[in-house]
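One structure below.
In my numbering, the protein residues as written are 234 to 539.
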């Protein structure tokens, strides 16, 4: 008994080792920030640059962003030209840490310069731009798998004592992604292929179209900041009069007036709002990657079954 009391006293007064420093992680925009939080938990100190509800395509970085990048152990970006501004920050600040391009390893969609169109019949994406790569790869849940794995492996390599922690959280996250993906592959398989046409504000859902055999039309190309010409809008309206779409969807960061005009001209039902390039705040319906994908897929399935 005496020995037990002595041991307890030694444990009480013995100095404890200092807490390990957390990984300093910078994410480029809200969707990647969510993945970093899910995988990193309380072992990382996260700074996100583009806030929820803000368009990352045209973001203008602040001096505080440059400081955060310069002090980071890891910077996580999408790549594929989505956030060119962060590449300038990295060059300007002589970033000393690890750069994670979350999209590395995904099967890409290339756009060849036609009208905004993603279809299961075509297997490729088309916009008004010259040939470019579609950066919205996270819209396919199987690519979300790749994003999460790239992030977790980078955390594990940079912080080996906590590697098992990150990898365990990764596996839990991947199981949730897989369950959601399986659910909607079953749901969309029940919808006739010729009843899977959707119109959105800009061309951000090509990967989702390819994943589930859907067809997306859009008057605007890859960037949500682009503006369609009158001829492009007129061509889309003519197409919708000839080939009906199941629904129109407004995107969360886009001006709804364009979709409202198309609705007035064609009578096509507006199915609601989709989230492409940004999450919502904590109280919104797309506050996390999985919440965003669940919302989008449920809204699309509901419109296509209508």
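Quick reminder that beta carbons are idealized off the backbone N, C-alpha and C, glycines included.
Beta-carbon contacts of residue i that lie in its chain and below 7 Å, excluding the five residues immediately before and after
| i | result |
| --- | --- |
| residue 391 | 256, 306, 307 and 331 |
| residue 508 | 485, 519, 525, 528 and 529 |
| residue 322 | 294, 298, 299 and 302 |
| residue 384 | 268, 269, 272, 309, 333 and 335 |
| residue 396 | 389 |
| residue 400 | 385 and 389 |
| residue 424 | 537 and 538 |
Neighbourhood of residue i by C-beta distance below 8 Å, restricted to the same chain and skipping five residues each side
| i | result |
| --- | --- |
| residue 381 | 268, 271, 272, 403, 406, 407 and 410 |
| residue 495 | 432, 452, 466, 469, 470, 473, 481 and 501 |
| residue 428 | 479 and 537 |
| residue 523 | 409, 410 and 413 |
| residue 242 | With a pLDDT of only 41 at residue 242, under 50, the local geometry of the prediction cannot be trusted, and no value is derived from it. |
Reduced DSSP secondary structure (H/G/I, E/B, other) of residue i
| i | result |
| --- | --- |
| residue 415 | helix |
| residue 430 | strand |
| residue 314 | coil |
| residue 500 | coil |
| residue 374 | helix |
| residue 335 | coil |
| residue 291 | coil |
| residue 447 | coil |
| residue 263 | helix |
| residue 438 | coil |
| residue 540 | With the chain covering 234 to 539 only, the question about residue 540 has no answer from this structure. |
| residue 528 | helix |
| residue 384 | helix |
| residue 533 | helix |
| residue 424 | coil |
| residue 505 | strand |
| residue 518 | coil |
9 Å Cβ cutoff met for residue i and residue j
| i | j | result |
| --- | --- | --- |
| residue 311 | residue 340 | no |
| residue 279 | residue 368 | no |
| residue 511 | residue 287 | yes |
| residue 475 | residue 536 | no |
| residue 190 | residue 417 | Because the chain spans 234 through 539 in this model, residue 190 falls outside it and cannot be assessed. |
| residue 517 | residue 483 | no |
| residue 438 | residue 421 | no |
| residue 477 | residue 419 | no |
Whole-number beta carbon distance between residue j and residue i, since they are thought to touch under 8 Å
| i | j | result |
| --- | --- | --- |
| residue 277 | residue 258 | 5 Å |
| residue 415 | residue 370 | Not quite, the Cβ-Cβ distance comes to about 20 Å (not below 8 Å), so this is no contact. |
| residue 262 | residue 316 | 7 Å |
| residue 446 | residue 379 | That pair is no contact at about 20 Å. |
| residue 253 | residue 394 | 7 Å |
Sequence-distant residues of the same chain with beta carbon closer than 6 Å to residue i, five excluded per side
| i | result |
| --- | --- |
| residue 444 | 373 |
| residue 498 | 470 |
| residue 283 | 262, 289 and 292 |
| residue 513 | 285, 519 and 520 |
| residue 489 | 483 |
Is the stretch 323 to 337 in contact with the stretch 291 to 303, if contact means three or more CB pairs nearer than 8 Å?
yes
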